[in-house]
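Here the structure comes first, spelled out in structure tokens, and everything after it is commentary.
2 protein chains.
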Amino acid sequence: MPQTRLDTARILAARRLIDPVFLDTPFYRCEALEPGLGCAVHIKLETANPVRSFKGRGTEVVASLLARAGRPAVVCASAGNLGQALAWSGRTRGLDVTVVASRTATAAKLDRIRALGATLELVDGDHEVARERAAALAGETDSRLLEDSLDLETCEGAGTLGWELVNAGPPFDTVLLALGGGALATGVGHVLKELAPHVEVVCVQALGAPALAYSWRRRRVVTTASADTIADGVAGRFPIPAVLDDLLLVADDVVLVREESIVAGMRLLLDHAGLVVEPSAALGVAAILEDRDRFAGRSVATVVCGSNVDIAAHRRWTGGAQAYACRPAPRGAATGP
Amino acid sequence: MPQTRLDTARILAARRLIDPVFLDTPFYRCEALEPGLGCAVHIKLETANPVRSFKGRGTEVVASLLARAGRPAVVCASAGNLGQALAWSGRTRGLDVTVVASRTATAAKLDRIRALGATLELVDGDHEVARERAAALAGETDSRLLEDSLDLETCEGAGTLGWELVNAGPPFDTVLLALGGGALATGVGHVLKELAPHVEVVCVQALGAPALAYSWRRRRVVTTASADTIADGVAGRFPIPAVLDDLLLVADDVVLVREESIVAGMRLLLDHAGLVVEPSAALGVAAILEDRDRFAGRSVATVVCGSNVDIAAHRRWTGGAQAYACRPAPRGAATGP
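Chains A and L are the protein sequences, given in the same order. All residue numbers for the first sequence refer to this note's numbering, where the first residue is 1 and numbers rise by one. All residue numbers for the second sequence refer to this note's numbering, where the first residue is 338 and numbers rise by one.
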């Protein structure tokens with residue numbers, strides 16, 4: 001059992017703090033995807049809830065604990081999904097929620113944050129600039145700063161999803177997890193490594209935003225000067241050291257995928273599973289598309305982690321002809337620094 | 338308590354015969370839909386399972402009972418969803434499944450029936466012709482004939498969905514149900530009328546295939562010479578007398594909606610809920626669009642009953658400009674004969 005910062009007993013206890021609308025999400029084999037992917041594919045669907053991503057699991061824990069402690073104000077930086085989830089969880093409990101986001105974040109996400117009554121502050125620059133501003137703002141206003149992936153509630157909230165996967169009596173030998181800040185990967189990975197250690201945990205990041213993948217490979221934090229991917233939910237540049245330490249314990253592999261594979265994954269999920277997903281949620285399918293031989297004949301579970309996408313962009317990505325058809329990766333493209 | 342053919346205790350017992358992958362489906366409020374609809378909207382999502390519709394609930398019951406009884410062969414007529422579900426349930430239990438469908442049925446549905454290993458027989462003509470042929474075929478082959486909506490397993494299987502709605506502790510005062518042959522409407526309606534009688538049960542049929550709606554209004558079976566709607570899952574012409582009797586006991590109202598409202602509903606569900614649905618699954622939203630005043634300020638639950646749609650058609654319906662924008666119904670259009 002790896003000694004991450006997470007605790008399985010606490011993850012189980014966290015389930016009692018989370019509104020049931022976020023728990024026990026659908027988990028099913030989707031055979032219609034399989035001819036295109038060459039392996040058995042199981043979907044864990046985290047989009048059929050009021051915030052359309054898995055992030056509600058973590059924010060429910062945070063908001064419950066803040067409400068109990070009588071702390072009414074909380075600030076987070078977000079690419080959009082965490083902010084939307086925190087706005088939802090905070091509203092239910094009468095908390096004062098402020099979300100800091102990049103002005104270039106996905107409009108659909110920003111609209112929902114506003115609609116849920118949170119204060120939204122937009123910054124020039126990317127998600128890392130938003131993180132800096134959120135930290136400063138929390139200090140100025142004496143609010144709780146919620147830091148995605150660093151704060152254990154966000155990881156252990158995601159861990160409840162891992163527990164559900166294990167509890168389903170794993171029909172899978174591999175799990176594919178989108179890798180952004182690391183909350184999903186370390187949360188689910190921790191539970192799998194403790195309760196189903198035979199399952200290979202493969203994390204997937206976009207080649208255009210590879211900082212945490214590179215860090216995992218070098219076993220030390222590697223930052224990047226920029227991030228350039230349509231997978232807005234996973235486009236960080238500054239990995240958090242404590243999260244990297246956990247990731248080193250739970251990830252069996254971290255792979256990188258190209259933009260055209262992400263788009264091909266979104267299209268497959270639409271055409272054969274009837275699912276609208278945001279780019280980050282297609283990372284697992286993209287990883288299979290990039291390396292069919294590796295997954296051939298295996299039984300894979302992939303977490304469809306969010307569906308907050310601008311529909312016009314989704315239509316453009318998935319409706320085009322074969323401009324983005326998946327080609328074999330150029331040798332070395334996905335092997336990193 | 339209405340004396341329908343259904344039995345709530347048997348519905349609860351049926352849950353134990355159904356693979357859990359079809360049970361306890363997501364039920365959540367979808368606020369992003371509400372500005373467009375003018376009422377609180379809760380989604381019961383029946384598409385996140387291996388057959389992408391609610392029909393697995395009923396076919397699991399049928400297939401379980403047949404397997405126990407040692408009857409290995411079953412035949413049904415289907416517009417596609419029942420056939421796909423029966424193919425799935427039968428395969429699991431080693432049954433020999435034959436599905437009879439119209440040659441003009443949705444290709445995506447027919448493809449999945451074949452992929453699941455069922456024998457598929459196509460007939461010239463519509464669903465009613467397929468029903469005749471299935472009955473003949475069952476006689477010829479000494480197979481069980483599964484008749485959707487007539488056979489209690491199909492209604493009581495759908496009833497398990499109604500039980501879940503009630504069990505969620507209804508935050509809704511109205512439930513909107515697609516009306517085709519009547520299994521969904523009588524199954525869910527029975528449970529609601531028994532356990533939550535204050536909830537208004539509104540069934541929704543396509544104006545292009547209104548036979549059961551007209552029958553409900555006249556309190557006697559009315560057939561139609563043709564059916565013309567994109568809502569292929571509900572396009573029957575010959576209502577079943579016993580089903581009409583049950584529907585008369587459980588439906589508070591039956592409304593009819595135009596094709597352009599069904600398309601507008603599909604588009605709303607895509608744009609604001611991120612859901613790909615087949616036309617039948619948009620009937621509830623279409624009913625709200627056609628009569629906003631009626632539902633204004635109410636709290637509505639609608640069952641998203643299937644997502645088996647040809648994606649190219651879905652893209653055409655939902656991607657077009659405002660060709661199908663919802664207009665007020667011409668006076669009398671939805672009031673029937």
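For glycine and all other residues, C-beta sits at the position ideal for the given N, C-alpha and C. All figures in this text were calculated on a predicted structure; none of them were measured in a lab.
Next on the checklist: Tell me which residue opens and which closes the alpha helix (DSSP H) that A:D253 is part of.
Outcome noted: A:D253 -> not in any alpha helix (DSSP H); beta strand (DSSP E) instead, spanning 253 to 257.
Checklist entry - Mind checking whether A:V300 and A:F172 have CB atoms under 8 angstroms apart? => result yes
Item to check | Straight-line gap, L:L529 to L:V503 (C-alpha atoms, nearest Å) | outcome: 7 angstroms
Checklist entry - What number of angstroms, rounded off, separates the C-alpha of L:G545 from the C-alpha of L:F575? => result 14 angstroms
Next on the checklist: Using only the alpha-carbon positions, how far apart do A:S307 and L:L612 sit?
Outcome noted: 9 angstroms
Checklist entry - Just reading off the beta strand (DSSP E) that A:A144 is part of, what are its end residues? => result Correcting the residue type first, residue 144 of chain A is Arg in the shown sequence and not Ala. Taken as a continuous stretch (DSSP letters only), the beta strand (DSSP E) holding A:R144 covers 144 to 146.
Checklist entry - Cβ of A:R29 less than 8 angstroms from any chain L Cβ? => result yes
Next on the checklist: Considering only the alpha carbon of each residue, which of A:C203, A:A242, A:A211, A:A168 lies closest to A:P255?
Outcome noted: Looking at the sequence shown, residue 255 of chain A is not Pro but Val. Taking only the C-alpha atoms, the option nearest A:V255 is A:C203.
Checklist entry - Which residues, in chain order, does the region 234 to 262 of chain A contribute to contact with chain L at a C-beta distance below 8 angstroms? => result none
Checklist entry - In or out: A:T98 buried (at least 16 other Cβ within 10 Å) or exposed? => result Looking at its Cβ environment, which holds 16 or more other Cβ atoms inside 10 Å, A:T98 is buried.
Item to check | Reference A:S64; option with closest CA among A:V304, A:S53, A:A85, A:S78 | outcome: A:A85 is the residue among A:V304, A:S53, A:A85, A:S78 whose C-alpha sits nearest the C-alpha of A:S64.
Item to check | Rounded straight-line distance, which links the Cα of L:L549 to that of A:T119 | outcome: 50 angstroms
Next on the checklist: Determine, for L:L354, whether the minimum Cβ-Cβ distance to residues of chain A falls below 8 angstroms.
Outcome noted: no
Checklist entry - Quick one: is A:T186 near chain L, going by C-beta distance under 8 angstroms? => result no
Next on the checklist: When you compare the CB positions of L:E604 and L:C376, do they come within less than 8 angstroms of one another, or not?
Outcome noted: Sequence check: residue 604 of chain L is Arg here, not Glu. No. Outside cutoff.
Next on the checklist: Pull the bridge partners of A:R29 from the DSSP assignment, please.
Outcome noted: A:H42
Checklist entry - Can you tell me the Cα-Cα spacing of L:R353 and L:P507, whole angstroms? => result If you take the alpha carbons of L:R353 and L:P507, they lie about 23 angstroms apart.
Checklist entry - Would you report the Cα separation of A:H190 and A:R144, rounded to the nearest angstrom? => result 26 angstroms
Item to check | Supposed close pair A:G157, A:V61 - CB separation, criterion 8 angstroms | outcome: Correct: roughly 5 angstroms between the Cβ atoms.
Checklist entry - Should A:L268 be flagged as near chain L, meaning a C-beta pair shorter than 8 angstroms? => result Closer than 8 angstroms to the CB of A:L268 there is not a single CB belonging to chain L.
Item to check | Touch test, the region 403 to 414 of chain L against the region 459 to 474 of chain L, Cβ-Cβ under 8 angstroms, three pairs minimum | outcome: yes
Item to check | Enclosing alpha helix (DSSP H) for A:V199 [first to last residue] | outcome: Counting along the chain, A:V199 falls outside any alpha helix (DSSP H), and DSSP gives it neither H nor E.
Checklist entry - Counting along the chain, where does the alpha helix (DSSP H) carrying L:T456 start and finish? => result Here L:T456 belongs to no alpha helix (DSSP H); instead the beta strand (DSSP E) covers 456 to 460.
Item to check | Same chain only: Cβ atoms within 7 angstroms of A:A105, ignoring 5 sequence neighbours per side | outcome: The beta carbon of A:A105 sits closer than 7 angstroms to those of A79, G80, D232, all from its chain and outside the five residues before and after it, given in chain order.
Checklist entry - At least one CB of chain L closer than 8 angstroms to the CB of A:V311: is that the case? => result Reading the sequence as shown, one finds Ile at residue 311 of chain A and not Val. Look at A:I311: its C-beta is under 8 angstroms from a C-beta on chain L.
Checklist entry - Taking a cut of 8 angstroms between CB atoms, which residues from the region 25 to 54 of chain A lie near chain L? => result T25, P26, F27, Y28, R29, C30, E31, A32, I43, L45, T47, A48, N49, P50, R52
Checklist entry - According to DSSP, is A:P328 helix, strand or coil? => result Because A:P328 carries a pLDDT of 38, less than 50, the predicted location of this residue cannot be relied on, and no value is offered for it.
Item to check | Length at least 3, wholly inside the region 274 to 329 of chain A: the beta strand (DSSP E) runs in chain order | outcome: 299 to 304
Checklist entry - For A:A107, which residues of its own chain have a beta-carbon under 7 angstroms away from its beta-carbon, when the five flanking residues on both sides are left out? => result D310
Item to check | Beta-carbon proximity check, A:V303 vs A:V188, cutoff 8 angstroms | outcome: Contact: yes.
Checklist entry - Would a C-beta distance cut-off of 8 angstroms place L:H609 and L:L370 closer than the cut-off? => result With contacts defined by Cβ atoms closer than 8 angstroms, L:H609 and L:L370 form a contacting pair.
Item to check | Option nearest L:E627 by Cα separation, candidates L:A618, L:V594, L:L483 | outcome: For L:E627, the nearest C-alpha among the options comes from L:V594.
Checklist entry - Which chain A residues are close to L:S644, counting only those with a beta carbon under 7 angstroms from its beta carbon? => result G274
Checklist entry - Where does A:E102 fall in DSSP's three states? => result In the sequence as displayed, the identity of residue 102 of chain A is Ser instead of Glu. Of the three classes helix, strand and coil, the one that applies to A:S102 here is strand, per DSSP.
Checklist entry - In terms of residues, what are the limits of the beta strand (DSSP E) holding A:L176? => result 174 to 178
Checklist entry - Can you tell me whether DSSP reads L:D361 as helix, strand or coil? => result It is coil, neither helix nor strand.
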